[in-house]
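For the sequence shown, position 83 matches number 91 in our numbering, and the numbering has no gaps at all. These notes are about the structure you will find just below.
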Amino acid sequence: EIYFSAIYPGVIKGWHLHKKMTLNYAVVVGTIKLVLFDERRGSPTFKKLQELFVGESNYALIKIPPGVWNGYKGVGTQTAIIANCATEPHNPQEMERRDPFSEIIPYCWELKHQ
């Protein structure tokens, strides 16, 4: 399944976690800050954050496996368009959501982490 999402500058969408689905994100217009938080026990990146800036000046295909929380924020002045080519049809029961400011995931959206 493929779908597109628009994200306006400064808007945050997240957190989302899929239990079975693998996501494949590509930002085709604009730029986003994509943040990943691994909640897979036994993973070498368990409980680690990863922050990526992707878009027109840094094209990439980002593969997000099941069990990894993801969220993103529109950066710059242009509305960003994200293409997601997912491995499964959308199923709301297969995903979990958290507030983007949840203290469970140790991330501050206003800061740029290195």
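Backbone N, C-alpha and C fix where the C-beta goes; we use that ideal spot for every residue, glycine too.
Exercise. Which two residues bound the contiguous beta strand (DSSP E) that contains Ala91?
Worked result: Residue range 88-93 is occupied by the beta strand (DSSP E) that includes Ala91.
Problem set entry | Phe109 classed as buried or exposed, judged by whether at least 16 other C-beta atoms fall within 10 angstroms | By the neighbour-count rule (16 or more Cβ atoms within 10 Å), Phe109 is not buried but exposed.
For this session: Report all residues from its chain with a CB closer than 6 Å to the CB of Phe45; omit the five preceding and five following residues, and keep chain order.
Result: Listed in chain order, the non-local C-beta contacts of Phe45 below 6 Å within the same chain comprise Leu57, Trp77, Ile113, local neighbours out to five positions each way being set aside.
Exercise. Which residue or residues does DSSP assign as beta-bridge partners of Gly84?
Worked result: DSSP links Gly84 through a beta bridge to no other residue.
For this session: Spatial neighbours of Thr85 within its chain, please: CB distance less than 7 Å, with the 5 preceding and 5 following residues excluded, ordered by chain position.
Result: Scanning its chain for C-beta atoms nearer than 7 Å, with the 5 sequence neighbours on each side dropped, one finds around Thr85 the residues Pro17, in chain order.
For this session: May I ask which residues mark the beginning and end of the beta strand (DSSP E) holding Ile20?
Result: Residues 20-26.
Exercise. Helix, strand or coil: which one does DSSP assign to Pro100?
Worked result: Looking at Pro100 - three-state DSSP - the assignment turns out to be helix.
Problem set entry | Cβ pair count under 8 Å reaching 3, the stretch 85-94 against the stretch 47-56 | The stretch 85-94 and the stretch 47-56 do not touch, with fewer than 3 CB-CB distances between them shorter than 8 Å.
Exercise. Residues in its own chain within less than 6 Å of Tyr33 by CB, not counting five upstream and five downstream?
Worked result: Within the same chain, Tyr33 has close Cβ partners Ile70, Ile90, Asn92.
For this session: Give the straight-line distance between the Cα atoms of Val83 and Ile15, rounded to the nearest whole angstrom.
Result: Val83 and Ile15 have their alpha carbons spaced roughly 9 Å apart.
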